[in-house]
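Student: So the sequence shown is residues 1299 to 1497, counted in this note's numbering.
Think of the CB as a built atom: it goes at the ideal place given N, C-alpha and C, for glycine as much as any other residue.
Quick caveat: nothing in here was measured; it's all calculated off a predicted structure.
Shown below is the structure under consideration.
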Amino acid sequence: MIDKAKSEKKRLSAYTDAQLSSLIKEGNSDAFVELTARYVELIRAKSAPFHGTFLDHDDFYQEGLWGLYTAACTYRTDKGSRFSTYASICIHNRILMAYRNAKCGRNQPLDGFVSLNEEINLSASDTANPEAQYLSKERLQQVHFAIQNMLTEMEQKTLHLYLNGCSYAEIAQKMQITQKAADNALQRVRQKLRKHSEF
1299 MIDKAKSEKK RLSAYTDAQL SSLIKEGNSD AFVELTARYV ELIRAKSAPF
1349 HGTFLDHDDF YQEGLWGLYT AACTYRTDKG SRFSTYASIC IHNRILMAYR
1399 NAKCGRNQPL DGFVSLNEEI NLSASDTANP EAQYLSKERL QQVHFAIQNM
1449 LTEMEQKTLH LYLNGCSYAE IAQKMQITQK AADNALQRVR QKLRKHSEF
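Printed below as a string of structure tokens:
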């Protein structure tokens, strides 16, 4: 079993980011572990400016992780942009959205929000140190378990819409609930994930 896991990790390490994205779309959680190991330093760098503001450091890191997952699930090679550029924008926007939500409420425009069509000169680190890789894998396994086993169906649907860029108003409309109910559902998601994985 251990040899098989090592073999899979070695195989995935040879994949490009775009190839890992394709596997993630098919539900390959190991591919997301590998991708996160490559981007963990970028997520930390992008969340660093917001430390000590309206959310905990771990909250911003979690938002960045969700931004990376969103990037992996929505990346399209036919758009002509590199995955690293696209992922950097998704991570930036997700962290900024969390900051906006904590500071100003749910429906105000995002100052500093980066368009997905805008090129930015921040590339992801290709490798992470062994400790970072281990921590990333452990956290992702915990999050995956929590999502599948601890969240209610409503909470999973709310999280899915949130990760796909829906505002609280859009979530409420799609699920036919109030914005307050959507907000409460996402707060429960955060609490459950934090409690289970120490995010």
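Using the C-alpha atoms, what's the distance from lysine 1308 back to isoleucine 1322?
Tutor: As a working note, residue 1322 is residue 24 in the sequence shown. As a working note, residue 1308 is residue 10 in the sequence shown. Computed Cα separation, rounded: 17 Å.
Student: One question on the structure: do tyrosine 1337 and alanine 1396 come within less than 8 Å of each other, judged by their Cβ atoms?
Tutor: Locating residue 1337 in the sequence shown gives position 39, counting from the first residue. Locating residue 1396 in the sequence shown gives position 98, counting from the first residue. Result no, Cβ atoms of tyrosine 1337 and alanine 1396 do not sit closer than 8 Å.
Student: Please state the DSSP three-state secondary structure of aspartate 1315.
Tutor: Within the sequence shown, the letter at position 17 stands for residue 1315. Aspartate 1315 falls in the helix class under three-state DSSP.
Student: With 16 other CB atoms within 10 Å as the buried threshold, where does aspartate 1376 fall?
Tutor: As a position in the sequence shown, residue 1376 is number 78, starting the count at 1. Per the 10 Å Cβ criterion, exposed.
Student: Anyone know if the C-beta pair for threonine 1334 and leucine 1310 falls short of 8 Å?
Tutor: Residue 1334 sits at position 36 when you count from the first residue of the sequence shown. Residue 1310 sits at position 12 when you count from the first residue of the sequence shown. Taking 8 Å as the Cβ cut-off, threonine 1334 and leucine 1310 do not qualify as a contacting pair.
Student: Keeping to the same chain, check which residues put their C-beta closer than 8 Å to that of lysine 1455; ignore five residues upstream and five downstream.
Tutor: Position 157 of the sequence shown, counting from 1, holds the residue named residue 1455. Only Met1473 meet the Cβ criterion.
Student: What are the start and end residues of the alpha helix (DSSP H) that includes isoleucine 1469?
Tutor: Here residue 1469 refers to the residue found at position 171 when the sequence shown is read from its first residue. Start and end: 1466-1473.
Student: Per DSSP, what kind of secondary structure is asparagine 1482 in: helix, strand or coil?
Tutor: As a first step, residue 1482 is located in the sequence shown; it is residue number 184 there, counting from the start. Helix.
Student: Compute the Euclidean distance between the alpha carbons of leucine 1318 and tryptophan 1364, then round it to the nearest angstrom.
Tutor: The count along the sequence shown starts at 1 and reaches residue 1318 at position 20. The count along the sequence shown starts at 1 and reaches residue 1364 at position 66. Near 16 Å, if we compare the C-alpha coordinates of tryptophan 1364 and leucine 1318.
Student: Return the first residue and the last residue of the alpha helix (DSSP H) that lysine 1344 is part of.
Tutor: By 1-based counting over the sequence shown, the position of residue 1344 is 46. Per DSSP, lysine 1344 belongs to the alpha helix (DSSP H) from 1327-1345.
Student: Taking C-beta to C-beta, are isoleucine 1469 and leucine 1459 nearer than 8 Å?
Tutor: Counting from 1 along the sequence shown, the entry for residue 1469 is found at position 171. Counting from 1 along the sequence shown, the entry for residue 1459 is found at position 161. A contact, by the Cβ cut-off of 8 Å.
Student: Quick check on threonine 1476: buried or exposed, where buried means 16 or more other Cβ atoms within 10 Å of its Cβ?
Tutor: Here residue 1476 corresponds to residue number 178 of the sequence shown, with the count starting at 1. Exposed, because fewer than 16 other Cβ atoms sit within 10 Å of the Cβ of threonine 1476.
Student: Is the beta carbon of arginine 1398 less than 8 Å from the beta carbon of glycine 1362?
Tutor: Position 100 of the sequence shown, counted from the start, is the residue given in the question as residue 1398. Position 64 of the sequence shown, counted from the start, is the residue given in the question as residue 1362. No, these two residues do not count as a Cβ contact at 8 Å.
Student: Do you know how far the Cα of isoleucine 1387 is from the Cα of alanine 1479?
Tutor: Against the sequence shown, residue 1479 aligns to sequence position 181. Against the sequence shown, residue 1387 aligns to sequence position 89. Going from the Cα of alanine 1479 to the Cα of isoleucine 1387 covers about 29 Å.
Student: Please classify glutamate 1324 as buried or exposed, where buried requires at least 16 other C-beta atoms within 10 Å of its C-beta.
Tutor: Taking the sequence shown and counting its residues from 1, the one referred to as residue 1324 is at position 26. Glutamate 1324 comes out exposed.
Student: Would DSSP call arginine 1374 helix, strand or coil?
Tutor: What you label residue 1374 is simply residue 76 of the sequence shown in a count that begins at 1. Three-state result, arginine 1374: coil.
Student: So, is threonine 1450 buried or exposed, given that buried needs 16 or more other C-beta atoms within 10 angstroms?
Tutor: Translated into the one-based positions of the sequence shown, residue 1450 becomes position 152. Counting Cβ neighbours within 10 Å, threonine 1450 comes out exposed, since fewer than 16 surround it.
Student: What first and last residue would you give for the alpha helix (DSSP H) that runs through threonine 1456?
Tutor: Indexing the sequence shown from 1 puts residue 1456 at position 158. Run containing threonine 1456: 1451-1461, per the alpha helix (DSSP H) assignment.
Student: Would alanine 1312 be called buried (16 or more neighbouring beta carbons within 10 Å of its own) or exposed?
Tutor: Position 14 of the sequence shown, counted from the start, is the residue given in the question as residue 1312. Exposed.
Student: Helix, strand or coil: how does DSSP classify serine 1382 here?
Tutor: As a first step, residue 1382 must be located in the sequence shown, where it is residue number 84. Serine 1382 falls in the helix class under three-state DSSP.
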